[in-house]
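2 protein chains.
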Amino acid sequence: MNVRTLCLGILSFSDMTGYDIRKMAFEGSFSHFCEASYGSIYPALSQLTNEELVTYRDEVSEGKPARKIYSITEKGRAVLLHILHEQPGPDRFKSEFLFYSLFYDKMPPSQFRNLLNKKISDISEKLEGLKGALDCCDHEPSHFAIGYGVAINTAVLDYLKTQVEKFDGEAETPPCPPKDTFKETSHERS
Amino acid sequence: MNVRTLCLGILSFSDMTGYDIRKMAFEGSFSHFCEASYGSIYPALSQLTNEELVTYRDEVSEGKPARKIYSITEKGRAVLLHILHEQPGPDRFKSEFLFYSLFYDKMPPSQFRNLLNKKISDISEKLEGLKGALDCCDHEPSHFAIGYGVAINTAVLDYLKTQVEKFDGEAETPPCPPKDTFKETSHERS
DNA sequence: TACGTCATGTAAGTCGTTACATGATTGG
DNA sequence: CCAATCATGTAACGACTTACATGACGTA
C-alpha cells in the first residue's frame, strides 16, 4: 500500500498533521506493518488535497509553529472504502538479519552470538511496546492488528531464545552487555 | 540488503545463472526474507562482473538457451565477508492485509472473513513449503533461517485460526470456495 | 547558548518493479 | 500448435529515502 492510502487510512481515524502521521507510521501502533517518512508524507498530503480527498485547516496558535491539520473528506472516505475492496497485496518480510544468519558458519562465533543477542533485545523491546499498545486500545480492529504483531514477535523471541542456547555452549560469551543499556526508563516522568 | 549483496551471497553457495538466482530469491528458500526480480538481478550481475566480484562462463549446450553461469571470485568472497561485518539493518515487515484489517468494522462481514480465509490458506501453503525445505536441508545456517520462517508462519496461522472463529459466529459463511479455484490446470477450449 | 522537539517542505538520488523485446525448447 | 519454461536483457517509470533548508519555542 502506498503512502497516499496510508495517509487516507490514518486520517480516517482522526484529524492530524503530517508530523503526527509520520509519528504514527514510524513509532506508533502502525509502525509494525508499515513505514513512511516526511519526504513521502508531505507530497502525498498535497496530492490528496489537490484531489479533494483531504482538506486542511491552518492552526496558528501562540508559542507554537503554524501547523496544517488535515481531515479526510467524504470523497476521501469513499475512495478509501473503494481501495479496501480490492485484494490486498501480499505481505512482505525483509530481513537482513536472516540473510546474515546464512553465513554464521563463516563468522567468528562471537559475532553471530552478538547478532542474536542484539536481535533478542530489539524484539523484546518492540514486543513490550506492542503489548502496551494492546492493553490501552479499545478499538477492536487495532486490537486485531496489534495482536498479530504480538503473536509474531512472541514466536520469534521464543525461537531465538531456544537457538541462542545452542550457540552459547560453543565458546565463552565475552562481549554482550547491551542488555539493559536501553532499558533506562527508571525515571519516566519526574 | 541490496540486490548486489543478495547475488553475492547466493553465489557464495554455488554457481548459478541470473535466472536461477531470481528463482531462489522469489520462490526458493530465500524467498521468505527477501525478493528480487530480473530487472534488478541482471544489472546487479553486470555491475558485480565489472567490479570483478563475480565472473561468468558461457554455456552453450545443444537444445538449451545459451546461459551465463556466474561464480563468485575470491575478491567477491572477501567483500561479502566485509559486508557481513557491518551491523545488519532492521527487519521490515509490510502488511497490506493488516492495514486492511484496521477497517474491518467498515466492511461487510463476509469481506473480511474472505480476507482471513485467503490469508489462512496462503500462510498454510507457505508454511508447508518451508517445512519441506526444513526437512531436506542439511546446511545448518539455512536450517536456522528456515526455522525462523516456520516459527513466524506457525504463530501467524495459529493467531488467525483463533481469530477467524470470532468472525464465523457473526453471520453465515457463503463465498469461500477459492481453495482449488487457482489450481485450475484443465483448460477447456475448442 | 545550544540542543531537542515541533513543524513544513523540496531536491536529488537510490533502488527496484513492470513491462517490453527476443528467442529456443519441451510437453501435452 | 500452443503454452509453459528456460534464458537474457533494457527502458521507462514509480516510490520512497536522505539530506537539505527553514524557523520558532522550550529548557537545561
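So the sequence lines, in the order shown, correspond to chains C and S.
Sequence positions in the first sequence follow this note's numbering and run -18 to 171.
Sequence positions in the second sequence follow this note's numbering and run -18 to 171.
Backbone N, C-alpha and C fix where the C-beta goes; we use that ideal spot for every residue, glycine too.
Values in this document were obtained by computation on a predicted structure and should not be read as measured data.
Distances from the CA of Leu34 (chain C) to each of C:Gly(-1), C:Leu61, C:Leu96 and C:Pro90 were compared; the closest alpha carbon is that of C:Leu61. For the C-beta of Pro24 (chain S), not a single chain C residue is nearer than 7 Å; the gap to the nearest is close to 20 Å. DSSP places Tyr51 (chain C) in the uninterrupted beta strand (DSSP E) bounded by Arg48 to Ile53. Only His66, Gln68, Pro69, Gly70, Pro71, Asp72, Arg73, Phe74, Lys75, Ser76, Glu77, Phe78, Leu79, Phe80, Tyr81, Ser82, Leu83, Phe84, Tyr85, Asp86, Lys87 and Met88 from the segment 66 to 89 of chain S bring a Cβ to less than 9 Å from some Cβ of chain C. Listed along chain C, no residue sits closer than 7 Å to Thr30 (chain S) by beta-carbon distance, the nearest being about 21 Å off.
Taking the C-beta atoms as reference points, Pro122 (chain S) is found nearer than 7 Å to Asp86 (chain C).
DSSP, reduced to helix, strand and coil, places Thr36 (chain C) within a strand of the structure shown. Under the 10 Å beta carbon count, Val41 (chain S) is surrounded by fewer than 16 other beta carbons and is classified as exposed. Listed in chain order, the positions of the segment 111 to 124 of chain C with a beta carbon within less than 7 Å of a beta carbon of chain S are Glu121, Pro122 and Ser123. With respect to Arg38 (chain S), Thr(-2) (chain S) sits apart: the two C-beta atoms are not nearer than 7 Å. The beta carbons of Leu115 (chain C) and Ile127 (chain C) sit closer together than 7 Å. The beta carbon of Val145 (chain C) is closer than 8 Å to those of Arg94, Leu97, Asn98 and Ile101 in its chain, skipping five residues each way along the sequence. Following the DSSP letters along the chain, one finds Phe74 (chain S) inside the beta strand (DSSP E) bounded by residues Arg73 to Lys75.
Taking a 10 Å sphere around the C-beta of Lys142 (chain C), we find fewer than 16 other C-beta atoms and assign the residue as exposed. In the three-state reduction of the DSSP assignment, Met(-3) (chain C) falls in the strand class, which pools E and B. Among the CB atoms of chain C, none fall inside 7 Å of the CB of Phe93 (chain S). Here Tyr140 (chain S) really is in contact with Tyr129 (chain C); their C-beta atoms are around 6 Å apart, less than 8 Å.
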